[in-house]
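Scroll down for the structure; my scribbles are underneath it.
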Amino acid sequence: MVPALCDKCIHFTVDYKFHTSAPIPLDGRLAHRLSYTRENRFFFKLPWECNDLWPSLPGLQDSFEAGCALCGVIRTKLLAGAKPSDSVEPDVEITIRAEYGFEDQRQRKPTGVVFDYQIVGQSQWHRTTVQPSFILAAPRGNPASRQFREVSSVDPLSLDNQARIREWITKCKDSHEYCKTKAPQALPTRLIDVQLANPRLVSTKGKTGTYAALSYCWGLSPSNPFTSMYTTTIATLPSRKAEMHFSALPLTLQHAILVTRALGLQYLWIDALCIIQDSASDTAHEIQAMDAVYGNAEVVICATSGTSSKSGFLTPRQEVQPLFTAPFLPCEGGDAGAYGFYDPETFPKRNDWQAVEMSEWNKRAWTFQERIVPPRVLHFSHSTLRLECRTSDFSELECAPRQVVVGNSVLGNDYRYLGVLERLAAQEPRDKLEIYETYYKFACEYSKRVLNFEKDRQAAFSAVVKRFWELMEKECLYGLWVEDI
5 MVPALCDKCI HFTVDYKFHT SAPIPLDGRL AHRLSYTREN RFFFKLPWEC
55 NDLWPSLPGL QDSFEAGCAL CGVIRTKLLA GAKPSDSVEP DVEITIRAEY
105 GFEDQRQRKP TGVVFDYQIV GQSQWHRTTV QPSFILAAPR GNPASRQFRE
155 VSSVDPLSLD NQARIREWIT KCKDSHEYCK TKAPQALPTR LIDVQLANPR
205 LVSTKGKTGT YAALSYCWGL SPSNPFTSMY TTTIATLPSR KAEMHFSALP
255 LTLQHAILVT RALGLQYLWI DALCIIQDSA SDTAHEIQAM DAVYGNAEVV
305 ICATSGTSSK SGFLTPRQEV QPLFTAPFLP CEGGDAGAYG FYDPETFPKR
355 NDWQAVEMSE WNKRAWTFQE RIVPPRVLHF SHSTLRLECR TSDFSELECA
405 PRQVVVGNSV LGNDYRYLGV LERLAAQEPR DKLEIYETYY KFACEYSKRV
455 LNFEKDRQAA FSAVVKRFWE LMEKECLYGL WVEDI
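Going by my numbering, the first residue of the sequence shown is number 5, and it counts up by one from there.
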């Protein structure tokens, strides 16, 4: 049932992207002024305007009581955002306006809508601090999603998200300068064949192909000791090659297998199963190959929201409810749709990488190189799905790509390490000072990470050292470059 809307709010049902008789917000005629919200940077004025009295707002209240629920939501937002600095004489006349907000002039969809009011008779620049905003979003596939942002799926591995991931990887492989696959990739010594209902360990040494790798927290603790881990040992190797009952695997490993299957890949690499844990020679050999294991993977699946091998990372997310649902009526035919007005405080932030950066996964020493060496890293965080590659970033919420770290300098407010090695390698001539600065920044960051066993300190950083050695071909002793001592 289409909700009742007043003659002002009915404008929110218009498909402005294709409405040729109205101002088009995507034609470059955007206002160049700073945002009143964290995300919006540029604006397009909407044909929504209301004259009312502050702070009682009787006009919006009357419209709400007459049946326009959106006017009630807007009124509540305006009053909730009022601050002491907004104190004015009672019943002062104000004009309330609505604007779509965009992150930049290239943005094809508004990040949301902002309402602000101006006291009648004052200059436009003498505004109050009350500018309530709403995130505008629709489910993927809904006709409204062509104009507004998409809502994250409750199921992290929904069919929509599976399609998203495949689209991201295809775009990355086909068009990204530092991500294109140049030749068939060598497979590790062993991989898990996930095609059967019950996966099994197979020997793949000397072969080429595609595979995924898992990066996760083992979660070792007194209550979860190494001896209780599901691993491959000399004794269990024959049974692992025969069959591993899916239901017997720890939940994080089960989830990684489900993701691998969803991506259409046959093979998965997991350290606990692909390295013979009680064989010193096999462990040493495989650790020396970590740069190839992660560097040759099609994608590294990161259990970013997980805390152990048993926690899993595909837990259903809490569904975010809209404050109001508006109809979306195409102007040039096609199916009608609907989109929601969401509270920015509860809606997942599109450019917020803190769910990754502050995760337990990102505090572990081993995961440092597992994030730097691969061509692509797929994060399953608590709130959203993200893919970072050597060239750019993707997310369910259409995030803006972050800047990169170069030497000791961080470019921009947000930064990324993945892709830095490729950029350094592409320099002609190579800047040795910049390479050293970048290496020591990496080493400094790594030194803050947590290790269960101090003896692993060098091993867990060995893939990074090997990649820098390929850049400089200089001798490295205990993490220090002899030439630079």
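All C-beta atoms, glycine included, are put in the ideal place defined by N, C-alpha and C.
As the structure is a computational prediction, the values presented were derived from the model and not from experiment.
- With distances taken between CA atoms, Phe-328 lies nearest to Ala-342 out of Phe-47, Ala-342, Leu-318.
- Out of Thr-231, Ala-430, Glu-364, Ala-359, the CA that lies nearest to the CA of Arg-394 is found in Ala-430.
- One Cα belongs to Glu-103, the other to Tyr-121, and the distance between them is close to 11 Å.
- Linking Gly-76 to Ile-123 through their CA atoms gives a straight-line distance of about 21 Å.
- Beyond the five residues adjoining it in sequence on each side, Cys-480 comes within less than 8 Å, by CB distance, of Val-469, Phe-472, Trp-473, Val-486 in the same chain, given in chain order.
- At the C-beta level, Ala-359 and Val-304 stay beyond 8 Å of one another.
- In the three-state scheme derived from DSSP, where H, G and I count as helix and E and B as strand, Phe-446 is classed as helix.
- Burial state of Gly-344 is buried, judged by a 10 Å Cβ sphere holding 16 or more other Cβ atoms.
- Restricting attention to Asn-300, Thr-319, Ala-148, His-249, the CA atom closest to the CA of Pro-188 is found in Asn-300.
- Note on Ser-157: 16 or more other CB atoms within 10 angstroms of its CB, so buried under the neighbour-count rule.
- Ala-369: not part of any beta strand (DSSP E); DSSP gives it neither H nor E.
- Secondary structure note for His-259: its alpha helix (DSSP H) is the uninterrupted segment 255 to 266.
- Just so you know, the alpha carbons of Tyr-346 and Asp-159 end up roughly 19 Å apart.
- With distances taken between CA atoms, Leu-437 lies nearest to Leu-475 out of Leu-475, Tyr-271, Glu-154.
- Annotation: the continuous beta strand (DSSP E) that includes Val-304 extends over 303 to 306.
- In summary, Pro-192 is buried, with 16 or more beta-carbon neighbours lying within 10 Å of its beta-carbon over all protein chains present.
- Unbroken alpha helix (DSSP H) stretches of 4 residues or longer found wholly inside the stretch 277 to 363: 284 to 292, 294 to 299, 358 to 361, given in chain order.
- Approximately 19 Å separates the beta-carbon atoms of Leu-382 and Cys-278; this is outside 8 Å, ruling out the contact.
- A direct Cα-Cα distance of roughly 18 Å separates Tyr-220 from Trp-357.
- A straight-line Cα-Cα distance of about 14 Å links Pro-379 and Ala-190.
- In the three-state reduction of the DSSP assignment, Thr-174 falls in the helix class.
- Of the residues assessed, Met-294 falls on the buried side of the cut-off, its CB having 16 or more other CB atoms within 10 angstroms.
- In the three-state reduction of the DSSP assignment, Arg-204 falls in the strand class.
- Going by C-alpha positions, Arg-168 is about 8 Å away from Glu-400.
- In this chain, Thr-115 is not harboured by any beta strand (DSSP E), its DSSP state being neither H nor E.
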